[in-house]
Each structure stands twice: as structure tokens, then as C-alpha cells.
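Participant:
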Amino acid sequence: MKLTGPNSLGQHTLTDWVVMEQIIREANLTKTEKVLEIGAGEGDLTSQLCRNADQVTSLEIDKAKFEFTRLKLAKCNNLHLLNVSPFSSNSMTFEFDVCVSNIPYSRSKETIMWLSNQKFNRAVIMVQKEFARKLSSKPGTKSYRAISVVCEYCFIVKELFEVSSTSFSPPPAVSSQVIKLVPSGRQISYNVKKNIEVLFSQRKRNVRKVASVLGLKSGSDLSKRICQLSPNEIVDLARSISI
């Protein structure tokens, strides 16, 4: 049974059962664990999560897909399916051990930022391959961005495997990558994350110039550019912004 008709959110539904089985293996679920799935889609991966975990809370903001999956998986007694986004300001809180996510790639950054302030054991997430590179980019490289800092600071990141565009319907125009995130035990507040974004809006300026504008107290090399600082140095700078 498949859902037909237009996709209101531009989502690409994972249809490859081999890839789904790989995701389940990498998630390494036990029957005592609670899973949060962000993006139920048409429920194929959801059903496998239900067979391997104690409880599954699955979120799907597309109303048509939510209703389709609700009927399709009505007999899954350990599934709590919700037509909500975890990112909305009035969203409920979730208790989970493992997160599995296959959402529109335009929401990947938002997902990482949200996860960086949650308590859980591990996450297995499908992202665009180019975005996966950003998550592990090093200081001084072209792809080093604010999300690189947050991810490096808050997680241990492992690239697991690539996924062909033929594994989706409709096929995306970009390459996909499944990654694993394990929390490092360090978190960054919402305001500090915003300050990191401010710093990277001036990523090619040196610390001295940025410090004079933003009122920074820096222990870093003032001659370095912002984009050359390590994640720890960036976080320390962001915490010292006085505006």
C-alpha cells in the first residue's frame, strides 16, 4: 500500500527495504529502548522500528502522510504517531533513547540544533551528503560553518553509508548519507548558538576586528580569522558576546 498524490512538503520517501534494514542495524535497538522517529513518511521504516524497540513515538507533519500511516499501522500497539513538529515553540517534550530521522533535507540543520539540547543515547539520521561533510568540517576549510561547531562540540559524528537516489520516491537530485550522532555530554544554550551564527556571519574577519564590534573577551589568537578557530574557541567566544 502506497500513498499517491502530490507531496505538500517536497519530501522524498525512502522506499528501499535494504537501506531501511541497514538503518535498523546501525540504530542497534533493544526491546527496552524508546525511539523517537522524526518523519514517519509512509510508515515502512516506522513498522520496523516498532518490531525492534519497546516504544516508538513517530512524528509526521504532512497531514496526508500522517493519516495514511495512522491507518496502515493501526495494529502497532507500541506506536504513538503524532501530527506535530518537534521544532515548534509550543511543541511537547519527548523522552527517548534513540532518534531515527529521515526528514526533508531543508530541515536537517534544524534537526541537529534541536537534538543538541536533548538527552538521548544515539541518533541515526539521513542527510544530504554535502551537509554531512559540513558536520565534520575542520577549522579553516571552506565548508566549516556554525553547524560544524555545534555538531563537533555536542556530538561524536560517524558517517555510516551513502544512499542512492534510486532508494527514494521521487528520487532526489542530491546524494544522501546516513550518519550516527552520539552525544558528547556537552550542550550549548540557545543564545550561545545564536551568537555562533553571528560570529560566522563574519567568518573571514579576524578575531581582533570582530571583538571590537561585538564586545568580545577573547583568549584566542587575535590575528586568526573566525573561520580558523576551533569549536571550543568559537563556543568560548560566543559565550562572551556582550550584546
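Count the sequence shown with the numbering used here and you get residues 691 to 933, in order.
Note that the Cβ used here is the ideal one computed from N, Cα and C, for glycine as well.
Could you give the first and the last residue of the continuous alpha helix (DSSP H) run that contains I837?
Facilitator: First-last of the alpha helix (DSSP H) with I837: A836 to C844.
Participant: Between which residues of its own chain and I793 is the CB-CB distance below 6 Å, once the five residues before and five after are set aside?
Facilitator: Only I728 and G729 meet the Cβ criterion.
Participant: Hey, how far is the Cα of C766 from the Cα of R823?
Facilitator: Near 36 Å, if we compare the C-alpha coordinates of R823 and C766.
Participant: Rounded C-beta distance between R760 and L749? I'm assuming under 8 Å.
Facilitator: Actually they are not in contact, since the Cβ atoms of R760 and L749 sit about 12 Å apart, beyond 8 Å.
Participant: Distance, Cα to Cα, R915 vs W804?
Facilitator: For R915 and W804, the distance between alpha carbons rounds to 28 Å.
Participant: What are the start and end residues of each continuous alpha helix (DSSP H) run of 4 or more residues lying completely inside the segment 909 to 933, in chain order?
Facilitator: You should have 921 to 930.
Participant: Are any of the Cβ atoms in chain B nearer than 9 Å to that of I886?
Facilitator: No chain B appears in this structure, which consists of one protein chain only.
Participant: Counting only runs that start and end within the segment 724 to 765, where is the beta strand (DSSP E) found for 3 or more residues in a row?
Facilitator: With a minimum length of 3 residues, the continuous beta strand (DSSP E) runs that stay inside the segment 724 to 765 are 724 to 728 and 745 to 749.
Participant: DSSP beta-bridge partners for N896?
Facilitator: R915.
Participant: Run through DSSP, which three-state label would I815 get?
Facilitator: Correct three-state label for I815: strand.
Participant: Tell me where the alpha helix (DSSP H) around Q712 begins and ends.
Facilitator: Its alpha helix (DSSP H) spans residues W707 to A717.
Participant: Comparing C-alpha positions only, which one of K819, E723, E732 and Q701 sits nearest to V746?
Facilitator: It is E723 whose Cα lies nearest to the Cα of V746.
Participant: What does a CB cutoff of less than 6 Å around L735 pick up in its chain, not counting 5 residues either side in sequence?
Facilitator: Within the same chain, L735 has close Cβ partners M710.
Participant: So, under 8 Å CB-CB, I869 and L825 are touching, yes? Tell me the CB distance rounded to an integer number of Å.
Facilitator: That pair is a contact at about 7 Å.
Participant: For R741 and F758, what's the separation of their Cα atoms in angstroms?
Facilitator: Those two C-alpha atoms are separated by around 19 Å.
Participant: Where in the segment 767 to 834 do unbroken runs of the alpha helix (DSSP H), each at least 4 residues long, occur, reported from the N-terminal end onward?
Facilitator: Counting only runs of 4 or more, we get 798 to 805 and 819 to 825.
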